[in-house]
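Asker: Right, I'll just put the structure down here and ask away after.
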Amino acid sequence: MKAVLPLDDAAADLATAGGKGASLARLTRAGLPVPRGFHITTAAYRAFVSAFRDELPHAEDPRTLFAAHDLPAGLAAEILRAYEALGDDVPVAVRSSATAEDLPDMSFAGQQDTYLDVRGDALLDAVRRCWASLWNPRAIAYRDQHGVPHDDVALAVVVQELVDADAAGIMFTANPISGARDETVVNASWGLGEAVVGGQVTPDTVVVSGGVVTREQVSDKTVMTVRTPDGTRERPVPEELRHAAVLVAAQAVELAAIGARIQSLYGTPMDVEWARRDGKFAIVQARPITGLKPQVEEWNDSLKGEYLWTGGNLGEAIPDVMTPLTWSFVRLFIHEAMSASALPGFDLVGNIGGRFYMNLSVIHSIAGALGMGGRLSAVEQVFGKLPPGLDVPMVPVSRWEIIKRVLPMAIGIRRRVRTNLKGMRAFLATSQRRCEELRATIAATGSGPELAELWEREIRAHLVTSCRMLEAAGRQGGATLVWTRDRLRKMMGEVDAEAMLTGVNAGGELASLGPVMGLSRLARGEITRDEFARAYGHRGPHEFEVSIPRPGEDDAWIDAQLAGLRDLRAGTEALLARQRKAREEAWARFAGRYPRQEARMRARVQRWNAVVRDRESTRSENMRAFWVLRAFAVRAGELSGRGEEVFFLYLDELLALLRGDPSALERVPVRRATYERYAALPLYPALIVGHFDPVRWAADPARRADVYDARGTAVPVSDTVKGFPGAPGIVEGIARVISGPEEGDRLKPGEILVTTLTNVGWTPMFPRAAAVVTDMGAPLSHASIVARELGIPAVVGTGNATMRVRDGDRIRVDGERGTVELLA
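By the count of this note's numbering, the sequence shown reaches residue 1388 at its end, each step adding exactly one.
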């Protein structure tokens, strides 16, 4: 290895020229404006220390050994020849460059020394002092901290012509504070760059994005580093320059363009030291930025316009931040199970910070255009009530345009629903067997292309069928559900009406109660674990999210639910029997009061029960299809060798990977960082109006969990907790505020479950609860249906229960009036 190399020499790599030297060589070869110079290689360092190397680890101050030895004559002559080639008595900067410097996960910058304005024979002493700085206490401590063995490190030296800069500073090609990759941040001050690097001055800050200056802060710059006949010194900044901008906009943009070239060369955001002389820029150092926040994407459909979004209904069934693959499947689910979402020009569903939301502005606008504003109470039955004072922004489309788009779609949906209802019974009868066959076929698939072809040929077809059956079941009898409940309440009052509407589970046919009924049978030994997993293992609190194992895959989940059944005061069957008695007594009172209407009303209620059962059954089988999707994704990870990385691909990208195109994998780190960023935030508000920034909202100590309105509308915070009567009854007890089903073991028998939302995965907790209170929900939501069947008082859709009720409070729940009172 040579002792001296030209600055642009291809041999100047990390081992030869150290981190700083290798970087400058790379920049020079790429044609970037780097000052002239040369490298004194690690071979020269090792040759110099060979005479006293064994003494270094034991010396009290190793630097004294360097001072006690002269450079070998041949080496000194070679260094001086390279220096003289730069010109006559040229001032140079002499910089240390360690082999453990500027690595991707750490930066050793500043641990060794730099000497400026060095001339003539003084160069040799500066080189020797640079070498000695490898053994200063700061450098030794830093290597110890990062586990870098001292024997593994050698020091090269970079000698460059000193830029007699009128201005200098540091440039970051990504924002080091926010992590934004589309912003270049330039720090600038007068004189040489040492005052900026050393922190003696507060520099100007200029932010460049998209080729223009977007922000600028001019500082009071009190100190500058300048050249003097005796070397560099700190001097006061002249008064006329203290508050003057160091860079004009065009210069900042020019510098940012150089930074973009450097980032492109390295393929990563860079920390660049620069200098300016007579309007020309020079790059004196560049290293990767360490500690930069991960790059993230923005998953935020609230930015599309001023709409009202709700997390109610389907948002309760999809409570998690979704991975990209899950969002792909959910979009396909929505397209097939909610045909109205495909209405041109309208975004009926959206992804806000990774969570599922529906656009109520579209629904309200359609209702208004069709003259159905008076029937919006039916929307409340599904999505919940809006707080007083919240005005719904309408979509900016004329009434005629809405009608023109909606009517053809509505006619098509009616035809489609009629057709699919004819096949619903056969689908329900064969779905479990078909899903088991598909999962077995997926497990036996031997190659990526074969699995991709299986998706196209069979898996997608079954998913589409299950979604269309869910749509058909959900659209049948809509008027029956709303009319029957309202009519019974007027005739018999809340308590008797709700009792008369129970019985959906007669014969064990309500799918939402299946898991808890199955657990009871498993606990009694009537079925095996395998039988439970086959029948109910697809249902759980995270059943849409394909990156999370199903309960049927997780013995620990089953064990935890069984443990929760052991200390019940009354089992599920006892609760159902108690509710059956209440139902019979309510019907007897109805018959006594309206003897001629009993048969007709029983027929209507039977129709109600059948519609609810069909909805719940098709939803259950749709979730069984999502278990197939999880099996598909897991197998794709196995066959591609990418494991859980596949969850951060969209479906088309995953299919491309299976067919041999891995290009989308480069986006996985960014998407994983985005997912983790959103998943770390609290559950967002149930109602969102306008542009919503989840990160900024979460950082606000005054944030509200019920509603966010970007218009600044002051929706009053209710002092009372009031929602829908979910299931009648009055209960007093201790509130147990639970944020997720994983905390279910905190709910003791007889306590009142208070939470943001529930879905079928929460059902095993219900028999332990004396009552249920939720922020989100409506009379047709999961919590209401299951609580009614079990005879557990429930208040749903309060909006603010988790804001007003604290864990351990004593409260009174009135499921008839829909109120929750805090007791002293």
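For glycine and all other residues, C-beta sits at the position ideal for the given N, C-alpha and C.
May I have the straight-line CA-CA distance separating Glu-1062 from Leu-1052, to the nearest angstrom?
Answerer: Here the question's residue 1062 lines up with position 498 in the sequence shown. Here the question's residue 1052 lines up with position 488 in the sequence shown. Answer to the nearest angstrom: the Cα atoms are 8 Å apart.
Asker: Asp-835: which of Val-817, Gly-601 and Thr-737 sits nearest, CA to CA?
Answerer: Position 271 of the sequence shown, counted from the first residue, corresponds to residue 835. Checking every option, the nearest Cα to that of Asp-835 belongs to Thr-737.
Asker: In terms of residues, what are the limits of the beta strand (DSSP E) holding Lys-844?
Answerer: Within the sequence shown, the letter at position 280 stands for residue 844. Segment 844 to 852, the beta strand (DSSP E) holding Lys-844.
Asker: Measure how close the beta-carbons of Ile-1349 and Val-1176 come, nearest whole angstrom, since I'm counting them as under 8 Å.
Answerer: The count along the sequence shown starts at 1 and reaches residue 1349 at position 785. The count along the sequence shown starts at 1 and reaches residue 1176 at position 612. Going by Cβ atoms, the distance from Ile-1349 to Val-1176 rounds to 7 Å, so yes, they are a contact pair.
Asker: Would you call Met-735 buried or exposed, if buried means 16 or more other Cβ atoms sit within 10 Å of its Cβ?
Answerer: By 1-based counting over the sequence shown, the position of residue 735 is 171. Classification for Met-735: buried.
Asker: What does the alpha-carbon distance come out to for the pair Arg-797 and Thr-789?
Answerer: The residue given as residue 797 occupies position 233 in the sequence shown. The residue given as residue 789 occupies position 225 in the sequence shown. For Arg-797 and Thr-789, the distance between alpha carbons rounds to 6 Å.
Asker: Taking the continuous beta strand (DSSP E) assigned at Ile-1252, which residues delimit it?
Answerer: Sequence index remark: in the sequence shown, residue 1252 carries index 688 (1-based). Element bounds for Ile-1252: 1251 to 1253.
Asker: Roughly how many whole angstroms lie between the Cα atoms of Ala-574 and Gly-582?
Answerer: The residue labelled residue 574 in the question sits at position 10 within the sequence shown. The residue labelled residue 582 in the question sits at position 18 within the sequence shown. Distance between the alpha carbons of Ala-574 and Gly-582: 13 Å.
Asker: Around the C-beta of Tyr-1100, are 16 or more other C-beta atoms found within 10 angstroms, so that it is buried, or is it exposed?
Answerer: In the sequence shown, residue 1100 corresponds to position 536, counting from 1. Under this definition Tyr-1100 is a buried residue.
Asker: Roughly how far, in whole angstroms, is the beta-carbon of Gly-1382 from the beta-carbon of Ala-1347, given that I think they are within contact range, below 8 Å?
Answerer: Residue 1382 sits at position 818 when you count from the first residue of the sequence shown. Residue 1347 sits at position 783 when you count from the first residue of the sequence shown. Incorrect: roughly 13 Å between the Cβ atoms, too far for contact.
Asker: Ala-686 and Val-658 - do their beta-carbons sit closer together than 7 Å?
Answerer: Residue 658 sits at position 94 when you count from the first residue of the sequence shown. Residue 686 sits at position 122 when you count from the first residue of the sequence shown. Not closer than 7 Å, so no.
Asker: Can you tell me the Cα-Cα spacing of Tyr-1248 and Thr-592, whole angstroms?
Answerer: For the purposes of this step, residue 1248 is taken as the residue at position 684 of the sequence shown. For the purposes of this step, residue 592 is taken as the residue at position 28 of the sequence shown. So the two alpha carbons sit approximately 50 Å from each other.
Asker: Would Leu-650 and Arg-600 qualify as a contact pair, given that the criterion is a beta-carbon distance under 7 Å?
Answerer: On the sequence shown, position 86 is the one that residue 650 refers to. On the sequence shown, position 36 is the one that residue 600 refers to. Going by C-beta atoms, Leu-650 is nearer than 7 Å to Arg-600.
Asker: Near Cys-999, which residues of its chain fall below 7 Å by C-beta distance, leaving aside the five closest residues on each side in sequence?
Answerer: Here residue 999 corresponds to residue number 435 of the sequence shown, with the count starting at 1. Correct list, in chain order: Arg-1188, Ala-1189, Trp-1191 and Val-1192.
Asker: Between Gly-1372, Thr-1284 and Leu-1251, which lies nearest to Arg-1268 when the distance is taken from Cα to Cα?
Answerer: Here residue 1268 corresponds to residue number 704 of the sequence shown, with the count starting at 1. The shortest C-alpha separation from Arg-1268 is found at Leu-1251.
Asker: For Leu-1215, which residues in the same chain have their Cβ closer than 6 Å to its Cβ, ignoring the five residues on either side in sequence?
Answerer: Against the sequence shown, residue 1215 aligns to sequence position 651. Result list for Leu-1215: Ser-892, in chain order.
Asker: When the distance is taken between beta carbons, is Ala-1016 closer than 7 Å to Leu-1222?
Answerer: Here residue 1222 refers to the residue found at position 658 of the sequence shown. Here residue 1016 refers to the residue found at position 452 of the sequence shown. Against a cut-off of 7 Å, the Cβ pair of Ala-1016 and Leu-1222 comes out as a contact.
Asker: Given Thr-1005, which residues of its chain have a CB within under 8 Å of its CB, disregarding the five upstream and five downstream residues?
Answerer: The count along the sequence shown starts at 1 and reaches residue 1005 at position 441. Cβ within range, chain order: Leu-1018 and Glu-1022.
Asker: Under a three-way DSSP split, which group does Gly-1314 fall into?
Answerer: The residue labelled residue 1314 in the question sits at position 750 within the sequence shown. Coil, per DSSP.
Asker: Look up Leu-811 in the DSSP assignment and say whether it is helix, strand or coil.
Answerer: Taking the sequence shown and counting its residues from 1, one reaches residue 811 at position 247. Of the three classes helix, strand and coil, the one that applies to Leu-811 here is coil, per DSSP.
Asker: Specify the secondary structure class of Pro-570 as computed by DSSP and reduced to three states.
Answerer: As a first step, residue 570 is located in the sequence shown; it is residue number 6 there, counting from the start. Strand.
Asker: Given a threshold of 16 other Cβ atoms within 10 Å of its Cβ, counted over all protein chains shown, does Tyr-1158 qualify as buried or as exposed?
Answerer: Residue mapping note: residue 1158 aligns to position 594 of the sequence shown, counting from 1. With fewer than 16 Cβ atoms within 10 Å of its Cβ, Tyr-1158 is classed as exposed.
Asker: Report yes if the CB atom of Leu-820 is closer than 7 Å to the CB atom of Thr-748, and no otherwise.
Answerer: In the sequence shown, residue 820 corresponds to position 256, counting from 1. In the sequence shown, residue 748 corresponds to position 184, counting from 1. One detail in the question is off: residue 820 reads as Ala in this sequence, not Leu. Yes; because the gap between Cβ atoms is below 7 Å, this pair is in contact.
Asker: Is Pro-621 helix, strand or coil when you go by DSSP?
Answerer: Along the sequence shown, read from residue 1 onward, the residue named residue 621 stands at position 57. Residue state, collapsed to three classes: helix.
Asker: With burial defined as no fewer than 16 other Cβ atoms inside 10 Å of the residue's Cβ, what is the status of Trp-964: buried or exposed?
Answerer: As a position in the sequence shown, residue 964 is number 400, starting the count at 1. The residue in question, Trp-964, is exposed, as its Cβ has fewer than 16 Cβ neighbours within 10 Å.
Asker: Using a 10 Å radius around the Cβ and a threshold of 16 neighbouring Cβ atoms, would you call Ser-866 buried or exposed?
Answerer: The count along the sequence shown starts at 1 and reaches residue 866 at position 302. Buried, by the Cβ-count rule.
Asker: Quick one: using the 10 Å Cβ neighbour count with 16 as the cut-off for buried, is Gln-1125 buried or exposed?
Answerer: For the purposes of this step, residue 1125 is taken as the residue at position 561 of the sequence shown. It is buried - the Cβ of Gln-1125 has at least 16 other Cβ atoms within 10 Å.
Asker: Applying the 10 Å Cβ sphere with the 16-neighbour rule, what's the burial state of His-572?
Answerer: Walking along the sequence shown from the start, residue 572 turns up at place 8. A small correction: the amino acid at residue 572 is Asp; His does not occupy that position in the sequence shown. By the neighbour-count rule (16 or more Cβ atoms within 10 Å), Asp-572 is buried.
Asker: Who are the Cβ neighbours of Glu-1385 in its own chain at under 7 Å, not counting the five residues just before and after it?
Answerer: Residue numbering aside, residue 1385 sits at position 821 when the sequence shown is read from its first letter. Hits under 7 Å: Ile-1375 and Arg-1376.
Asker: Please classify Glu-1185 as buried or exposed, where buried requires at least 16 other C-beta atoms within 10 Å of its C-beta.
Answerer: Along the sequence shown, one-based indexing puts residue 1185 at 621. That one is buried.
Asker: Alpha carbon to alpha carbon, how far is Thr-983 from Ala-1036?
Answerer: Locating residue 983 in the sequence shown gives position 419, where the first residue counts as 1. Locating residue 1036 in the sequence shown gives position 472, where the first residue counts as 1. Distance between the alpha carbons of Thr-983 and Ala-1036 is about 9 Å.
Asker: Based on the DSSP secondary-structure assignment, which residues constitute the bridge partners of Gly-601?
Answerer: Locating residue 601 in the sequence shown gives position 37, where the first residue counts as 1. According to DSSP, which records beta bridges pairwise, Gly-601 is partnered with Gln-724.
Asker: Quick one: grab the DSSP three-state call for Gln-859.
Answerer: Within the sequence shown, the letter at position 295 stands for residue 859. DSSP places Gln-859 in coil when its eight states are reduced to three.
Asker: Does DSSP put Ile-1294 in a helix, a strand or coil?
Answerer: Taking the first residue of the sequence shown as position 1, residue 1294 is located at position 730. The answer is strand: DSSP assigns Ile-1294 an E or B state.
Asker: Around the Cβ of Pro-668, are there at least 16 other Cβ atoms within 10 angstroms (buried) or fewer (exposed)?
Answerer: Taking the sequence shown and counting its residues from 1, the one referred to as residue 668 is at position 104. Low confidence applies to Pro-668: its pLDDT is 38, below 50, so where it sits in the model is not reliable, and the reading given next is rough at best. The residue is exposed, with fewer than 16 neighbouring Cβ atoms inside 10 Å.
Asker: Within 10 angstroms of the Cβ of Ser-828, are there 16 or more other Cβ atoms? Answer buried if so, exposed if not.
Answerer: Along the sequence shown, read from residue 1 onward, the residue named residue 828 stands at position 264. Label assigned to Ser-828: exposed.
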